[in-house]
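Just below is one structure, and these are the notes that go with it.
Protein chains: 2
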Amino acid sequence: MVEGVTTRDPAGLPAPPASPSTLGWSLGVLLREWSDRVEKVSRDLPHGVRGYQVLAAVVHDAPPTQASLAARLGIDRTVMTYLLDKFVECGLVERRQDPVDRRARRIVPTGHGRGVLADLDAAVARAEDELLSGLAPEERRVLLALLEHAASGTAPDEDRCAAVAGTIGPPRHA
Amino acid sequence: MVEGVTTRDPAGLPAPPASPSTLGWSLGVLLREWSDRVEKVSRDLPHGVRGYQVLAAVVHDAPPTQASLAARLGIDRTVMTYLLDKFVECGLVERRQDPVDRRARRIVPTGHGRGVLADLDAAVARAEDELLSGLAPEERRVLLALLEHAASGTAPDEDRCAAVAGTIGPPRHA
DNA sequence: ACGAGATAATCTGCCGCACAGACTATATTG
DNA sequence: CAATATAGTCTGTGCGGCAGATTATCTCGT
Numbered sequence: 001m002v003e004g005v006t007t008r009d010p011a012g013l014p015a016p017p018a019s020p021s022t023l024g025w026s027l028g029v030l031l032r033e034w035s036d037r038v039e040k041v042s043r044d045l046p047h048g049v050r051g052y053q054v055l056a057a058v059v060h061d062a063p064p065t066q067a068s069l070a071a072r073l074g075i076d077r078t079v080m081t082y083l084l085d086k087f088v089e090c091g092l093v094e095r096r097q098d099p100v101d102r103r104a105r106r107i108v109p110t111g112h113g114r115g116v117l118a119d120l121d122a123a124v125a126r127a128e129d130e131l132l133s134g135l136a137p138e139e140r141r142v143l144l145a146l147l148e149h150a151a152s153g154t155a156p157d158e159d160r161c162a163a164v165a166g167t168i169g170p171p172r173h174a
Numbered sequence: 001m002v003e004g005v006t007t008r009d010p011a012g013l014p015a016p017p018a019s020p021s022t023l024g025w026s027l028g029v030l031l032r033e034w035s036d037r038v039e040k041v042s043r044d045l046p047h048g049v050r051g052y053q054v055l056a057a058v059v060h061d062a063p064p065t066q067a068s069l070a071a072r073l074g075i076d077r078t079v080m081t082y083l084l085d086k087f088v089e090c091g092l093v094e095r096r097q098d099p100v101d102r103r104a105r106r107i108v109p110t111g112h113g114r115g116v117l118a119d120l121d122a123a124v125a126r127a128e129d130e131l132l133s134g135l136a137p138e139e140r141r142v143l144l145a146l147l148e149h150a151a152s153g154t155a156p157d158e159d160r161c162a163a164v165a166g167t168i169g170p171p172r173h174a
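Chains A and B, in that order, are what the protein sequence lines are.
Numbering-wise, UniProt numbering puts 17 at position 17 of the first sequence, and it's gapless, one number per residue.
Numbering-wise, UniProt numbering puts 160 at position 160 of the second sequence, and it's gapless, one number per residue.
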């Protein structure tokens with residue numbers, strides 16, 4: 001995932017093994033390829049691909065807390081701390097005290113951060129388009145739809161209520 | 001390989017962001033989920049998911065050298081060394097001198113290794129099946145086919161976008 | 001109101017992994 | 001035969017994930 005995508009390999013052999021695990025392998029190859037391309041594009045961001053994902057989450061969501069960000073992106077919360085330190089240092093986002101819960105910090109993007117993300121989003125869109133250049137437009141749409149459907153259908157079955165917590169602060173009852 | 005996704009996080013929230021990068025995100029979520037499930041299954045192997053992929057590659061391919069294994073899986077060759085050390089120690093594979101090139105070692109699975117992999121393959125197949133439980137059988141086949149097609153069609157295509165990089169830099173002093 | 005427990009963020013320390021570099025053994029080429 | 005290249009190993013460095021402790025704050029039961 002994302003992660004984990006620190007791998008760097010020059011001789012990328014797209015050799016599909018005769019294994020039953022076509023899923024994991026194809027997923028891995030594609031994600032690695034995606035990461036490589038997005039890495040090239042977001043090289044100026046403090047943390048490359050991860051940085052892009054964090055910034056995107058910050059901009060596109062209602063001002064999230066660090067914890068919700070970390071949970072959503074699958075990043076450890078202790079990592080999120082110094083990752084956001086860099087972002088603040090670079091003037092991409094700001095930390096604000098949540099007036100309701102003074103333990104929490106709301107992460108809001110600066111104007112500069114929004115601008116940077118806009119450029120990145122465009123570049124990433126191009127990169128993804130190029131990545132799927134082997135597929136017909138119709139096939140891409142189907143793939144995207146199925147992928148999204150499959151990804152959203154992965155219920156961790158543990159914390160079902162936690163999904164709600166990640167959003168905005170709780171206008172908790174009165 | 002799979003890289004990138006070394007992330008491990010209990011509270012995985014399947015919250016799709018309103019970002020243009022649906023591809024990378026869905027890919028990341030799915031691969032992370034896949035890794036988690038396969039991790040549970042291959043917990044007895046020396047290196048978890050990675051170990052499974054290595055063993056699968058060893059068994060399903062013609063006896064590969066360490067270098068070719070590393071290249072295929074996107075693992076560093078220095079890592080491959082001690083990873084295979086463990087495998088040999090556990091009696092899963094053997095290192096044999098290549099009679100043609102005495103620098104190289106051919107990695108061949110032991111009978112035990114084959115047996116272990118057979119069990120793992122079955123378990124992984126079940127895990128993948130469960131992972132895609134949200135999709136109809138027809139949809140799964142299509143997804144798998146498109147995925148494989150997209151993964152095999154990834155051309156390296158190096159120098160193209162290097163020029164775009166310099167434009168979006170935030171004040172990165174560090 | 002008070003104390004017990006939970007939660008957000010931070011800080012510290014450990015460990016695994018990627019990566020660069022050196023080294024040995026062998027192969028290839030001039 | 002010398003020079004160079006390659007397979008594998010070993011060593012050291014740095015980053016990132018992760019567990020644990022700490023501080024500040026919230027929540028709940030009494």
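Cβ atoms here follow ideal geometry from the backbone N, Cα and C, with glycine treated the same way.
The model shown is predicted, which means the values in this text are computed figures rather than measured ones.
Rank the options by C-alpha distance to the C-alpha of residue i and give the top, closest one.
| i | options | result |
| --- | --- | --- |
| Ile107(B) | Leu146(B), Gly28(B), Gly134(B) and Thr81(B) | Thr81(B) |
| Lys127(A) | Trp25(A), Val38(A) and Pro137(A) | Per the sequence presented here, residue 127(A) reads as Ala, with Lys not at that position. It is Val38(A). |
| residue 175(A) | Asp76(A), Gly153(A), Val41(A) and Leu31(A) | Shown here, chain A extends from 1 to 174; a query on residue 175(A) therefore has no answer. |
| Asp121(B) | Ser42(B), His47(B) and Thr22(B) | Ser42(B) |
| Gly91(B) | Ser26(B), Leu117(B) and Asp36(B) | Leu117(B) |
| Asp36(A) | Glu130(A), Arg141(A) and Ala145(A) | Glu130(A) |
Excluding the five sequence neighbours on either side, which residues of its own chain have a C-beta within less than 6 Å of the C-beta of residue i, listed in chain order?
| i | result |
| --- | --- |
| Gly51(A) | Leu45 |
| Ser26(B) | none |
| Val79(B) | none |
| Asp61(B) | none |
Would you kindly report the start and end of the unbroken beta strand (DSSP E) that includes residue i?
| i | result |
| --- | --- |
| Arg105(B) | Arg105 to Pro109 |
Residues in its own chain within less than 7 Å of residue i by CB, not counting five upstream and five downstream?
| i | result |
| --- | --- |
| Arg96(B) | Arg105, Arg106 and Val108 |
| Arg77(B) | Gln66, Ala67 and Ala70 |
| Ala123(B) | Val41 |
| Leu135(B) | Leu143 |
Could you tell me the boundaries of the alpha helix (DSSP H) in which residue i lies?
| i | result |
| --- | --- |
| Val100(A) | Unbroken run through Val100(A): none, as it is neither H nor E. |
| Gly51(A) | Gly48 to His60 |
| Ser26(B) | Thr22 to Val41 |
| Asp85(A) | Arg77 to Glu89 |
| Ala151(A) | Pro137 to Ser152 |
| Ser68(B) | Gln66 to Leu73 |
Could you name the residues of the same chain whose beta carbon sits closer than 8 Å to that of residue i, not counting the 5 residues immediately before and after it, in chain order?
| i | result |
| --- | --- |
| Pro64(B) | Ala57, Val58, Arg72, Arg106 and Ile107 |
| Val93(A) | Leu55, Val58, Leu84, Phe87, Ile107, Val108, Pro109, Thr110 and Gly113 |
| Gly115(B) | none |
Rounded to whole angstroms, what's the CA-CA distance from residue i to residue j? Just pull it up for me.
| i | j | result |
| --- | --- | --- |
| Gly4(B) | Val29(A) | Note that Gly4(B) scores 37 on pLDDT, short of 50, meaning its location in the model is unreliable and no value can be drawn from it. |
| Asp119(A) | Gly24(B) | 17 Å |
| Glu89(A) | Gly48(A) | 16 Å |
| Gly153(A) | Arg103(B) | 49 Å |
| Ala125(A) | Glu138(B) | 29 Å |
| Ile75(B) | Val100(A) | 47 Å |
| Ala145(A) | Asp98(B) | 47 Å |
| Arg141(A) | Thr22(B) | 11 Å |
| Glu33(B) | Gln53(B) | 16 Å |
Stretch-stretch touch, CB-based, cutoff 8 Å, three pairs: the segment 141-152 of chain A with the segment 83-102 of chain A = They do not touch, by the three-pair rule.
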